[in-house]
Amino acid sequence: MSVLTDPSLQARIDALQARSAAQEAETVRYFGERAKRGDLSWDALDAAANRFMADKMVALEPIKSEFCHMLCLALRARRVVEIGTSFGVSTLYLADAVRQVCGPDGGGVVIGTEYEPAKAAAARANFAAAGLADLIDLREGDLRETLRAIEGPVDFVLMDIWTEMARPAIELVGPHLRPGAVVVADNTGDVFRHAYRHFFAYVNDPANGLRTMTLPFSGGLELVVKV
Ligand SMILES: C[S@@+](CC[C@H](N)C(=O)[O-])C[C@H]1O[C@@H](n2cnc3c(N)ncnc32)[C@H](O)[C@@H]1O
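Count along the sequence shown from 1, then add 1111; that gives the number in the numbering used here.
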């Protein structure tokens, strides 16, 4: 049973998740072949990989999105930042949680980030169709620019982005985390651990007041807490 209580939102998300899952085999094949040829680095996606990924949804798995939804409820999260929005599947979970926390008076926000214009347009359409657009501030463009201004303390962050962007993103959002805030980062297990090393250097720097552990979700899911 899902954490979502709105059956129409659940149905909408199920359909988007199915579209995302249908692209997975092609993505695995593409990166597998490039890795076999030895011309792939997770330290920076090259132009060809970026072109390939330009229409890929790569939605966060449902179980991880549900976990983030639950964390937002537990934190009473009103200000959420999503690093990597794509077509906005995980954003819908986050916005639903913020809507539940804030109630009919509103006041909460999910700040999303996406630099592919076609993906941002698809995400906006998904937000409008789900009736959640008012809760989402989608910042279109490179997050290194669009996240320069973040107003107010941040309660929750979902980091679901190419690994090379994790460090610049945490540098921009980290100073805005309120005590007790949580950052969840996807795929921090063995495969991408090395590519995440600059992110971990920030997280493990005592000056930044963070604690972290890797949860045993598929591929590893980082749970970072601001103390
Ligand atoms: C893994 S996907 C996000 C999936 C999304 N969270 C979901 O569950 O539907 C990561 C997204 O980050 C975007 N992205 C990559 N680098 C970016 C950057 N520098 N600024 C903004 N968006 C970026 C990619 O275009 C991609 O759509």
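The beta-carbon is built from N, C-alpha and C at its ideal position, and this holds for glycine as well.
Task: Three-state secondary structure assigned by DSSP to K1147 - done: Residue mapping note: residue 1147 aligns to position 36 of the sequence shown, counting from 1. In the structure shown, K1147 sits in a helix (DSSP, three-state: H, G or I).
- [ ] Kindly indicate which residue of S1197, V1302, R1235, K1147 has the alpha-carbon position closest to the one of L1269.
- [x] Position 158 of the sequence shown, counting from 1, holds the residue named residue 1269. Out of S1197, V1302, R1235, K1147, S1197 has the C-alpha closest to the C-alpha of L1269.
TODO: Mind checking who K1337 pairs with in its DSSP beta bridge?
DONE: Locating residue 1337 in the sequence shown gives position 226, where the first residue counts as 1. Note: K1337 sits in a beta bridge opposite L1321.
Open item on the list: I need the DSSP call for F1328, collapsed to helix, strand or coil.
Closed with: What you label residue 1328 is simply residue 217 of the sequence shown in a count that begins at 1. F1328 falls in the coil class under three-state DSSP.
- [ ] Could you tell me whether the Cβ atoms of A1296 and A1312 are closer together than 8 Å?
- [x] Translated into positions along the sequence shown, residue 1296 becomes position 185. Translated into positions along the sequence shown, residue 1312 becomes position 201. It is not a contact, given that the beta carbons lie outside the stated cut-off.
Task: Contact under 8 Å by Cβ, D1248 with I1222 - done: Locating residue 1248 in the sequence shown gives position 137, counting from the first residue. Locating residue 1222 in the sequence shown gives position 111, counting from the first residue. Their beta carbons are under 8 Å apart, which means D1248 touches I1222 by this criterion.
Task: Beta-carbon gap between V1056 and I1272 smaller than 8 Å - done: Past the boundaries of the shown model lies residue 1056; the chain is included only from 1112 to 1338, so the question cannot be answered.
Task: Test item: CB-CB of V1293 and L1182 under 8 Å - done: Working through the sequence shown from its first residue, we reach residue 1293 at position 182. Working through the sequence shown from its first residue, we reach residue 1182 at position 71. It is a contact, given that the beta carbons lie within the stated cut-off.
TODO: Can you have a look at N1298 and say buried or exposed, based on whether 16 or more other CB atoms are within 10 angstroms of its CB?
DONE: Stepping through the sequence shown from its first residue, residue 1298 is reached at position 187. N1298 should be labelled buried.
Open item on the list: Could you check whether the Cβ of K1337 sits closer than 7 Å to any heavy atom belonging to ligand 1?
Closed with: To locate residue 1337, count along the sequence shown from 1; it is residue 226. Checking the Cβ of K1337 against ligand 1 gives no.
Open item on the list: Relative to the C-alpha of A1129, which candidate in K1167, V1191, I1281 has its C-alpha closest?
Closed with: For the purposes of this step, residue 1129 is taken as the residue at position 18 of the sequence shown. If we check each option's Cα against that of A1129, K1167 comes out closest.
Open item on the list: Am I right that A1208 and H1180 are in contact with their C-beta atoms under 8 Å? What's the rounded C-beta distance?
Closed with: The residue labelled residue 1208 in the question sits at position 97 within the sequence shown. The residue labelled residue 1180 in the question sits at position 69 within the sequence shown. The pair is a contact, with the Cβ atoms about 5 Å apart (cut-off 8 Å).
- [ ] Consult DSSP for F1267 and reduce its assignment to one of helix, strand or coil.
- [x] For the purposes of this step, residue 1267 is identified with residue 156 of the sequence shown, where counting begins at 1. F1267 falls in the strand class under three-state DSSP.
Open item on the list: Assuming contact is defined by CB atoms lying nearer than 8 Å, are L1203 and N1237 in contact in what I supplied?
Closed with: Working through the sequence shown from its first residue, we reach residue 1203 at position 92. Working through the sequence shown from its first residue, we reach residue 1237 at position 126. Contact flag set, yes.
Open item on the list: Tell me the residue span of the beta strand (DSSP E) that contains I1247.
Closed with: Position 136 of the sequence shown, counted from the start, is the residue given in the question as residue 1247. Where I1247 is concerned, the enclosing beta strand (DSSP E) stretches over 1247-1251.
Task: Proximity to A1280 [Cα-Cα], best of V1192, R1187, R1145 - done: The count along the sequence shown starts at 1 and reaches residue 1280 at position 169. The shortest C-alpha separation from A1280 is found at V1192.
Open item on the list: Could you tell me the alpha carbon to alpha carbon distance between R1140 and D1253, rounded to whole angstroms?
Closed with: Taking the first residue of the sequence shown as position 1, residue 1140 is located at position 29. Taking the first residue of the sequence shown as position 1, residue 1253 is located at position 142. Cα-Cα distance, rounded: 27 Å.
TODO: Report back the beta-carbon spacing between T1059 and V1335 to the nearest angstrom; my notes put them in contact at under 8 Å.
DONE: Residue 1059 is absent from the model: the chain starts at 1112 and stops at 1338.
Task: Closer than 7 Å: D1154 CB and nearest ligand 1 heavy atom - done: For the purposes of this step, residue 1154 is taken as residue 43 along the sequence shown, with counting starting at 1. No, the beta carbon of D1154 sits no closer than 7 Å to any heavy atom of ligand 1.
Open item on the list: For N1161 and A1132, what's the separation of their Cα atoms in angstroms?
Closed with: The residue you call residue 1161 lines up with position 50 of the sequence shown. The residue you call residue 1132 lines up with position 21 of the sequence shown. Going from the Cα of N1161 to the Cα of A1132 covers about 19 Å.
Open item on the list: When you measure from the CB of F1163 to every non-hydrogen atom of ligand 1, does any distance come out below 7 Å?
Closed with: Along the sequence shown, read from residue 1 onward, the residue named residue 1163 stands at position 52. It does not: the Cβ of F1163 is nowhere closer than 7 Å to a heavy atom of ligand 1.
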